[in-house]
Amino acid sequence: MELAEFKAAADRWLDEQATELAADFEGIGTLDQQLEQLRKVMRLAYDAGFMRMGWPERVGGLGGSNLLRAYLGETLTARDLVEPGIYSMPEVLAPTVIDYAPAELAADMVPRLLRGDENWCQGFSEPGTGSNLGALACRATHDGEGWRVDGQKVWTSLAHYAQRCVLLTRTGTPESAHRGITAFFVDMDSPGITVRPIETMHGVAEFCAVFYDGVFVPHDRVLGEVGGGWSVAMDLLPYERSTALWHRAAYLQRRLEQLIAAAPAGSLDPMAVGEATELVWAFRARSRATQRRLTTGETLGPETSIDKVLVASAEQAVFDLVAEGLGSAVTLADDPVSQRWRAEFLYSRAATIYGGSSEIQRNIIARRLLDLGADR
Amino acid sequence: MDASERELFAHAIRRATEDRSGVDLDEALDELGWVAALAEDRAAAVAILFEAQGEANATSSALDQVIFAALGVPGLDPASVVLPPLRSVQAPGRFDGARVVIQGLGTDALARGDTVIIVARGDAGDEMLVAPVSALKVEEISGLDAALGLVAVSGELERASPPAAALIDWGAALAAGQLALGHELVGNGRAMLELARQHALERTQFGRPIAAFQAVRHRLAESLVALEAAAALLNAASDDSSPVTAAMAKALAGRSARTVARHCQQVLAGIGFTTEHSLHRFVRRTYVLDQLLGAGSVLTRHLGTEVLAAGSLPAAFPL
Chain A
96 MELAEFKAAA DRWLDEQATE LAADFEGIGT LDQQLEQLRK VMRLAYDAGF
146 MRMGWPERVG GLGGSNLLRA YLGETLTARD LVEPGIYSMP EVLAPTVIDY
196 APAELAADMV PRLLRGDENW CQGFSEPGTG SNLGALACRA THDGEGWRVD
246 GQKVWTSLAH YAQRCVLLTR TGTPESAHRG ITAFFVDMDS PGITVRPIET
296 MHGVAEFCAV FYDGVFVPHD RVLGEVGGGW SVAMDLLPYE RSTALWHRAA
346 YLQRRLEQLI AAAPAGSLDP MAVGEATELV WAFRARSRAT QRRLTTGETL
396 GPETSIDKVL VASAEQAVFD LVAEGLGSAV TLADDPVSQR WRAEFLYSRA
446 ATIYGGSSEI QRNIIARRLL DLGADR
Chain B
5 MDASERELFA HAIRRATEDR SGVDLDEALD ELGWVAALAE DRAAAVAILF
55 EAQGEANATS SALDQVIFAA LGVPGLDPAS VVLPPLRSVQ APGRFDGARV
105 VIQGLGTDAL ARGDTVIIVA RGDAGDEMLV APVSALKVEE ISGLDAALGL
155 VAVSGELERA SPPAAALIDW GAALAAGQLA LGHELVGNGR AMLELARQHA
205 LERTQFGRPI AAFQAVRHRL AESLVALEAA AALLNAASDD SSPVTAAMAK
255 ALAGRSARTV ARHCQQVLAG IGFTTEHSLH RFVRRTYVLD QLLGAGSVLT
305 RHLGTEVLAA GSLPAAFPL
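Protein chains in written order, with our numbering: chain A, 96 to 471; chain B, 5 to 323.
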C-alpha cells in the first residue's frame, strides 16, 4: 500500500472509530491508564490491519514501507490517542528481535507486541554504566542448556509492565569492553527477577531498577552471536532515533500548537515562539529525511545522533515556552490538564539525558562524523 | 535530475566555484548550463550551486537569476533584480503618485548590467518595472564584506503605463531568493567548520592535538548539528514551496551560520583572528548574508508574531 493511500485509509478509520479509540481519562492519567489506553488503541489498530502495515510478513506484518508506521504513529499522536514515548517502544525493540532472534521466536513474539498484548523493555543502562555502555557489568555465565544472569539494570522503562526484555550482559572478561557483551531476549516472569519502580520528578514512575539474581535464560534466547551484543545495541540505537523520533516530532508540534492556543495574550515573546517553531520544523525536516533514507534501505548509523541532539533541543525549547505561557499551570494549578503540562515540562528536562545524553551524542558526532580522532 | 546526474553536476559546479568568482564564475556557469538546470530542477540547482558558492566564498549573478526566474515573467530578457534594503523583505520600490521611489540593494552583477528589474508595492499588489541601470543611482558598498560586491540602489522613476507586466508575485521571488541565500549560508558554515576541524587536528597544546579536548570537540559537533538542521529545513522548504517555510529556513540558516562562526572563531583562536587565515572572509559573509532578504531575527520575530496572532502554527510539510 502506498503512503497516500494508507494515510487516507488510516485517517478515515480513525475518524470513524474516534469514540471507541478516545481515552476515558483527562490529562496525563496514571501509567496504568496510559498503558490501558495504549493496549486498546494498538489492539484495535492491529485488528483493523493498520498496526501490521510496514512490518515484515514473517512476523505477522502486512509488508510495505516504514513510512506507513511513521505515519500511523504521527496521526495517533496528533490525535492525542497515545503517549508517543510508550507507543514508540516497539519501533525500537521489534526491529532488533526481527533482525537478531531465531526466526520462529520472532514470528511468535513480535505479533504480541504489535497487537498490544505485551509490553517489552530494554535492559541497557546500569548504575555504574550510564553513558559508558561498553563497560556494563551485568554478568551472564554458561549453565548447561543456557545462561545464568546476575546483576542490576536501571532506567529500564516499563519493566514493571513488561513480559520480555532485550537485555545486554557481560559474557566476556570484565576487561573485554564492547567485545564481551551478549544480548538476550528474557522472559520477565523468570524466577530471580525483581523489579522496583523509580519515582521521578515528573511524577510518572515509568522507569525501574531491575535486579537479576541467578536468572536462567535458555540458549535459544541469545540475540545474535555470543559476544556480539555490542552490534545488536549499535543496530538498535539508530531505530531509537528514527521512526520513534518522527512520532515525537508530531507530539512536539501538537503541544506547541496547544500552547499557542491556550497561552494568555502577551505571555509569550514572539521571538521565542518563532525560534521554537523553527526548531520544531527543522527537527521535523531532519527526521523526515531520516525516514526517507530508511525507505531506500539505507542502514542508519552515527548520523542519527544529530536527530537526537535536535529533538532534545526542540523539546526543551517548546517546554521552556510552556513554562512562560502557561506559568500558572506549570507551577500552581492542580487540575488534570495543568498536571499534564507540568509533568511534560518536567519530563522535557530529561530530554538531553535519556537515550544517550547530548554529551554522548556530541562525542559520537565528533568522532564518527567529524573524524576528530580519539578524545584522549 | 536523477542521483547520478546530480552528482556529476555538483562535481562540475564545485570545481567551477573553487577557482572562479564574479564574472569568471558567471562564464563558467553559462558553460555548465546552470540556468537550464535552474529551469529544469530548481531545488537541486539552487542547493548545489549556492552551497558550493558559500563554501568557496565566491560570488556570481546566480541570486539575480534565481529571483528573476521566480518572478516568472514570460518574454522578458534576464536582468538583475533590485533587492530589498538591508534586513527588510519588502519589495524595494514604492509608488508615490505617478512616480516610483526606489531604495534597495543590488549584487555586483546588477552594477555590471545594462537593465534592471524593480518590483514596487502598489495598492492592488506588486508591480514590476524594467529600467536602464543608468536611470538609478548605484553606489559601491565596502562595508563588512567588500568582496561580496554589494551596491546601494536608489532613485525615482516614472510609473510605467501600462505596467510592464500584470501583478507580480514578489512573495514567490523573495522565497526563492531566501532559499538560495540559506544554502549559501550553510555552505559558508561548512567551510568554517572544515577550517576549524583541520586546525583542531593540527594544532598541538599540552602534548596533544586540541581536537582531543572535549570542549573543542563539542563546539565542532554543535556546529555540525546547527548546519544539518538548517540544511534539512531548506530541503523541506524547497519541496514544500511555502513562503512561510522558506522564511523559516532562511532565518534558521542565518542563525546556524552565526553559531558556527562563533564556535569556529573560538577554536581557530589567534590564527583565525588574523587576515593571514581565511576564516574572516566567511565570518564577514555570514553576517551580511544573514541580513539580506530579511534578517534572520526579523523573519523569526515576524513568524512568532503571526503565529500568536493566528493562535495556531503554519501548516507543516507532510511525511
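C-beta atoms are modelled at their ideal positions from N, C-alpha and C, and glycine is treated no differently.
- For A/I288, not one C-beta of chain B is nearer than 7 Å to its own C-beta.
- Straight-line spacing of the CA atoms in A/L465 and B/H267 works out to 15 Å.
- Under the three-state reduction of DSSP output, B/P247 falls in the helix class.
- At least 7 Å separates the beta-carbon of A/E178 from that of A/A345.
- For B/W38, the enclosing alpha helix (DSSP H) covers residues 38-44.
- Listed along the chain, the chain B residues whose CB falls inside 9 Å of the CB of A/D470 are A215, A216, F217, Q218, R221.
- Residues of chain A whose Cβ lies closer than 9 Å to the Cβ of B/M252 are, in chain order, G369, T372, E373, W376, A377.
- It is roughly 15 Å from the alpha-carbon of B/G101 to the alpha-carbon of B/L133.
- For A/L421, the nearest beta carbon of chain B is not closer than 7 Å to its own beta carbon.
- Using a C-beta cut-off of 8 Å, the stretch 299-312 of chain A makes contact with the stretch 241-259 of chain A, since at least three inter-stretch Cβ pairs fall below that distance.
- Counting only Cβ-Cβ distances below 7 Å, B/E59 has no contacts in chain A at all, with the closest Cβ about 16 Å away.
- Counted as a single uninterrupted DSSP element, the beta strand (DSSP E) harbouring A/F280 occupies residues 276-282.
- Excluding five sequence positions before and after A/R381, the CB atoms of its chain that fall closer than 8 Å to its own CB belong to I401, D402, L405, given in chain order.
- Taking 7 Å as the cut-off, the Cβ atoms of B/S84 and B/G108 do not count as close.
- For B/M132, the pairing in a beta bridge is given by DSSP as B/V123.
- Straight across, the Cα-Cα distance linking B/R289 with B/A176 is about 24 Å.
- Scanning B/D112, B/I71, B/Q57, B/A195 for the CA closest to the CA of B/R18 turns up B/Q57.
- Per DSSP, A/P365 lies in no beta strand (DSSP E); the unbroken alpha helix (DSSP H) holding it starts and ends at 365-390.
- Note that the stretch 98-106 of chain A touches the stretch 153-167 of chain A; at least 3 beta-carbon pairs, one per stretch, sit closer than 8 Å.
- The C-beta of A/H342 has 16 or more other C-beta atoms within 10 Å across all chains shown, which makes the residue buried.
- Note that the stretch 285-303 of chain A touches the stretch 246-261 of chain A; at least 3 beta-carbon pairs, one per stretch, sit closer than 8 Å.
- Within chain B, the C-beta atoms nearer than 9 Å to that of A/Q386 come from L323, in chain order.
- For B/E144, no alpha helix (DSSP H) run applies; the uninterrupted beta strand (DSSP E) run containing it begins and ends at 141-144, by DSSP.
- Going by beta carbons, B/A265 and B/V287 fall inside the 7 Å limit.
- By the rule that beta-carbons nearer than 7 Å mark a contact, B/A236 touches chain A.
- Between B/V248 and B/W174, the C-beta gap is not smaller than 7 Å, which leaves the two residues out of contact.
- A/Q129 is not bridged by DSSP to any residue.
- Residue range 302-313 is occupied by the beta strand (DSSP E) that includes A/P313.
- For the stretch 389-412 of chain A, the residues whose beta carbon sits under 7 Å from a beta carbon of chain B are, in order, I401, V404, L405.
- Out of B/R305, B/A219, B/R259, B/I145, the CA that lies nearest to the CA of A/R457 is found in B/A219.
- The beta carbon of A/A173 is closer than 6 Å to those of A345, R349 in its chain, skipping five residues each way along the sequence.
- One alpha carbon belongs to B/A48, the other to B/A40, and they sit about 12 Å apart.
- Counting the other CB atoms within 10 Å of its CB gives A/I293 a total below 16, which places it among the exposed residues.
- CA-CA distance, A/P333 to A/T385, rounds to 10 Å.
- One thing to note: A/G420 has its Cβ within 7 Å of the Cβ of A/L363.
- Of the residues assessed, A/F145 falls on the buried side of the cut-off, its CB having 16 or more other CB atoms within 10 angstroms.
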